[in-house]
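Asks:
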Amino acid sequence: MDRVPVLKIGEILLVSIQIDLDDQSALQLQEDLSDRIVETGAHGVIIDISALEIVDSFIGRMLSTIAAVSRVLDAETVVVGMRPAVAITLVELGLSLNGVRTALNVDKALEILADARQIRGVGLLRVSGSDDVPE
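Position in the sequence shown (from 1) plus 8 gives the number in our numbering.
#1: State the DSSP-derived secondary structure class of residue 135, mapped to helix, strand or coil.
#2: Tell me whether residue 15 is buried or exposed, calling it buried when 16 or more other Cβ atoms sit within 10 Å of its Cβ.
#3: Helix, strand or coil, according to DSSP, for residue 56 in the structure here?
#4: Of the choices 20, 39, 11, whose alpha-carbon is the least far from that of residue 29?
#5: With H, G and I counted as helix, E and B as strand and the rest as coil, what does DSSP make of residue 151?
#6: Helix, strand or coil for residue 86? Go by DSSP, reduced to three states.
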C-alpha cells in the first residue's frame, strides 16, 4: 500500500495526492494527517488533488471527514487542484464537501489560510479580555 506524504511548511501541512486512492490508502491518509496535525501543531492543511482524475463517494466523504477532524484539531483545510470533471462528479453524487474550502491553486489556498488565521486570532483577542476591547 502506498502512503501519501504529508509535508510541513511553516504552520501548514501540504498533502499532494499523486496516486489513485483506494479505500485503505484514504483511511491511512486520514490517520497520518491527523497524527501530523497533533505532532506539528499545524493550523492549516492543503490537499492537492490535481492528479486525481476520479473521485468516488468514499473519497469525497473522506475529504469531508479530514476537514472535520482538522477543525477539531485547530486546523483549517483547503482542497486545491480540483478538475472540472471531479467537481461535476461530486455534485452529481450529491456530495457538498461540508467544511472543505477550495482554491484553484496552492497560492490561493495559502491566502485563504492566512486570512482565516488572522480572523481567528482577532476573535481570540476579544474572548481573552484584551486591552483592545472596551469593557
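From the three backbone atoms N, C-alpha and C, an ideal C-beta is built for every residue, glycine too.
Replies: In brief:
#1: Residue confidence for residue 135 is low, a pLDDT of 38 falling below 50, so the modelled location carries little weight and cannot support an answer.
#2: exposed
#3: strand
#4: 11
#5: The requested residue 151 does not occur in the structure, where the chain is confined to residues 9 to 143.
#6: strand
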